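See below for the structure under consideration.
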Amino acid sequence: MVYWVFKDANPMLLVLIICPLLSLAFGASGAWLRHRMRYGLCISFLLPLLFIAVNLPTLTGNFDSWLMYGLFYVSISYFAYKITSRIDIRLKQPK
0 MVYWVFKDAN PMLLVLIICP LLSLAFGASG AWLRHRMRYG LCISFLLPLL
50 FIAVNLPTLT GNFDSWLMYG LFYVSISYFA YKITSRIDIR LKQPK
């Protein structure tokens with residue numbers, strides 16, 4: 000679906016740079032939105048569909064890569080959530 004908008008985009012740029020940065024942002028926003036971790040994790044799991052879901056045969060052929068990259072992006076989002084929530088808890092403690 001991303002290729003409909005960016006026709007000349009390098010696939011590795013999307014897979015290795017843009018989507019992990021989006022996962023970091025979704026994980027951090029989950030911590031800032033009153034500890035709603037599941038929203039960031041669900042969105043991060045669906046991120047690979049942006050570059051895999053070109054059409055139905057491509058989606059069915061790359062189902063395993065969707066699971067692999069989805070779990071990778073979920074782990075990035077989870078670690079960003081944990082780090083951001085720890086920082087948020089430390090800032091709220093009275094001195």
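Once you know that position 36 of the sequence shown is 35 in numbering that gives the first Met the number 0, the rest is easy, because the numbers rise by one and skip nothing. Here a beta-carbon is modelled for each residue, glycine too, at the ideal position from N, C-alpha and C. Note that the coordinates shown come from a computational prediction; the quantities given were computed from them, not determined experimentally.
Span separating the alpha-carbon of residue i from that of residue j
i, j, result
"PHE71", "ALA52", "18 Å"
Endpoints, the alpha helix (DSSP H) within which residue i is located
i, result
"PRO19", "18-31"
"LEU15", "Counting along the chain, LEU15 falls outside any alpha helix (DSSP H), and DSSP gives it neither H nor E."
"PRO47", "Counting along the chain, PRO47 falls outside any alpha helix (DSSP H), and DSSP gives it neither H nor E."
Residue from the options with nearest C-alpha to residue i
i, options, result
"ALA79", "PRO47, LEU20 and LEU15", "LEU20"
"CYS41", "SER76, ALA30 and GLY60", "SER76"
Contact set for residue i: own chain, Cβ-Cβ below 6 Å, skip 5 residues either direction
i, result
"SER22", "SER43, TYR72, ILE75 and SER76"
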